[in-house]
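Chemist:
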Amino acid sequence: MNGRERIALTMRHREPDRVPVMCQLSIGHYNLNGGYKPHQIWYETEAFADASVKLARRYAFDGILVVLPGRPPNYLDNVDSLKEDDDGQWLTWRNGDRTFLPWDDMPHHHPADKSKPARADFATFDPDRDFASVNNYLGHVWNALFHIQETPAGFPGYLFQAFDLVKARAGNELSIHGSVYSPLTHFVELFGYEPALMAFLTDAGKVHAILDRLTDYVIAWGLALAARGADALDLSSAFVAAPFLSRRNYREFVVPYEGRVNRALKAAGAIVYTHSCGKIGDRLDLLAETGTCGIDTLDPPPLGNCDLADAKRDFGERLFFKGNMNSVALLQYKTREQVLEEAMRPLRIGKPGAGYILSTACSVAPRVEPWKLELLTPLAEELGRYGGRPSD
46 MNGRERIALT MRHREPDRVP VMCQLSIGHY NLNGGYKPHQ IWYETEAFAD ASVKLARRYA
106 FDGILVVLPG RPPNYLDNVD SLKEDDDGQW LTWRNGDRTF LPWDDMPHHH PADKSKPARA
166 DFATFDPDRD FASVNNYLGH VWNALFHIQE TPAGFPGYLF QAFDLVKARA GNELSIHGSV
226 YSPLTHFVEL FGYEPALMAF LTDAGKVHAI LDRLTDYVIA WGLALAARGA DALDLSSAFV
286 AAPFLSRRNY REFVVPYEGR VNRALKAAGA IVYTHSCGKI GDRLDLLAET GTCGIDTLDP
346 PPLGNCDLAD AKRDFGERLF FKGNMNSVAL LQYKTREQVL EEAMRPLRIG KPGAGYILST
406 ACSVAPRVEP WKLELLTPLA EELGRYGGRP SD
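Positions 46 to 437 (this note's numbering) are the ones given, in order, by the sequence shown.
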């Protein structure tokens, strides 16, 4: 049985030959271990796709989440100079903008025009008029990569190239997942954290109008990836954990819109699961109300408050689960025995009844040593096997 088949059965709550293994890698981890420099990972679609497949095979993962979209052809031709120091790389663009790319983290962009707004102004933003220009905002494009176009059908073809390359190079062996960002994630990145939260209090009606439009774009992007052959779609739902967002606000500003996304994607035959970090243990019921097929991360303490055994008991018939390995501890561990002990905990809890994918909670930190990840699939081969014949 290959990884694609293994994860497909698991997401449908059927027993494969063993528990599948699939971790999401941080950009910093790609930078340090993918065989390319940060500017290549971030801006060269071929390099990112090659690193994605290379690392998945190195770690014997059963699937890959394609976390970056494709870039415009020859995008780096716009660079005037590239300099490196101990901290990372500095790109100077022909228009005078500068981008700093740390060796182990995401890029930081600095416009030449300091007066250029990095975020949209909620007070003046018109949801019926201003979506055509959201890509003008630096934070929205460079930091979050949420490519919202003037019309939902207007996604340029190059955006799909990273996904297409990864899927082609992985063949039918691995489960290839597309990355979709939730309406609320777009909203917070578009206006900024504090203004977005204040907007919930000052003009909830306008917030709903904007979220409604954003949902249309999220659905369009998800459907496009599904049509491209995504085996599943990861709906990244950031900024929704306690104490950042209350249960009340989660119910009002998250559930209706993620529910629309999930219904639309599932109606098209897609499997969609929700990636939410942090303390979400008190809102798993609301998350389940969105109609998602599964939950990714399930952060244990100290970053989260999720108990995998409780989640399986309460929602295991409705949802599959991915994650729950302590990502902070994985970074700190020094011995093979420590890593195996941490991985065995969620493996033993998640395995019974299927519906569990062994993974770190959230992304693998940039400086987690590769040898630690290389231990996970052999462990699943040893302790994660199911006794009966794999389900059809």
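Beta carbons are placed, not taken as given, at the ideal position from N, Cα and C, and that holds for glycine.
On a CA-only basis, which of GLN69, CYS68, LEU77 is nearest PRO411? Give me that one, please.
Modeler: Out of GLN69, CYS68, LEU77, LEU77 has the C-alpha closest to the C-alpha of PRO411.
Chemist: Beta carbon of HIS231, beta carbon of ASP279: below 8 Å?
Modeler: no
Chemist: Would you say the beta carbon of SER227 is closer than 7 Å to some non-hydrogen atom of the ligand ZN?
Modeler: In the structure on display, the ligand ZN does not appear, and there are no ligands present to speak of.
Chemist: My understanding is that LEU121 touches GLU89, with C-beta atoms under 8 Å, so please give their C-beta distance in whole angstroms.
Modeler: 7 Å
Chemist: On the DSSP letters alone, give me the boundaries of the beta strand (DSSP E) that HIS320 sits inside.
Modeler: From DSSP, the beta strand (DSSP E) with HIS320 extends over 317 to 321.
Chemist: Please state whether the Cβ-Cβ distance between GLN69 and SER372 is less than 8 Å.
Modeler: It is not a contact, given that the beta carbons lie outside the stated cut-off.
Chemist: Distance, Cα to Cα, ASP374 vs MET389?
Modeler: Correcting the residue type first, residue 374 is Ala in the shown sequence and not Asp. The alpha-carbon atoms of ALA374 and MET389 are separated by roughly 14 Å.
Chemist: Who are the Cβ neighbours of VAL449 in its own chain at under 6 Å, not counting the five residues just before and after it?
Modeler: The chain is shown only over 46 to 437; residue 449 falls outside these bounds and no answer can be derived.
Chemist: Taking C-alpha atoms, which residue in LEU270, ALA354, ALA165 lies nearest to GLU239?
Modeler: ALA165
Chemist: Just curious, the beta strand (DSSP E) that PHE365 is in, first and last residue?
Modeler: 365 to 368
Chemist: Determine the closest residue to ILE394 out of LEU290, LEU376, TYR104, LEU428, with distance taken between C-alpha atoms.
Modeler: LEU428
Chemist: List, from N- to C-terminal side, the alpha helix (DSSP H) runs of 4 residues or more that fit wholly inside the stretch 110 to 171.
Modeler: Fully enclosed alpha helix (DSSP H) runs of 4 or longer: not present.
Chemist: Report, in whole angstroms, the separation of the C-beta atoms of THR342 and ALA406, which I expect to be a contact under 8 Å.
Modeler: 5 Å
Chemist: Using three-state DSSP, classify VAL373 as helix, strand or coil.
Modeler: VAL373 falls in the helix class under three-state DSSP.
Chemist: Would you mind working out which of LYS417, THR380, GLU297, GLY73 sits nearest PRO228, comparing C-alpha positions?
Modeler: GLU297
Chemist: So, is LYS367 buried or exposed, given that buried needs 16 or more other C-beta atoms within 10 angstroms?
Modeler: Answer is buried; the Cβ neighbour count reaches 16.
Chemist: Where does GLU387 land, buried or exposed, given buried means 16+ other C-beta within 10 angstroms?
Modeler: buried
Chemist: Please classify LYS357: is it buried, with 16 or more other beta-carbons within 10 angstroms of its beta-carbon, or exposed?
Modeler: By the beta-carbon neighbour count (other beta carbons within 10 angstroms, threshold 16), LYS357 is buried.
Chemist: Let's see if you can read the secondary structure: which residues bound the beta strand (DSSP E) around TYR295?
Modeler: Element bounds for TYR295: not the beta strand (DSSP E) but the alpha helix (DSSP H), 292 to 298.
Chemist: If we count the other Cβ atoms within 10 Å of its Cβ and call it buried at 16 or more, is GLU60 buried or exposed?
Modeler: buried
Chemist: Just grab the DSSP bridge partners of THR342 for me.
Modeler: SER321, GLY368
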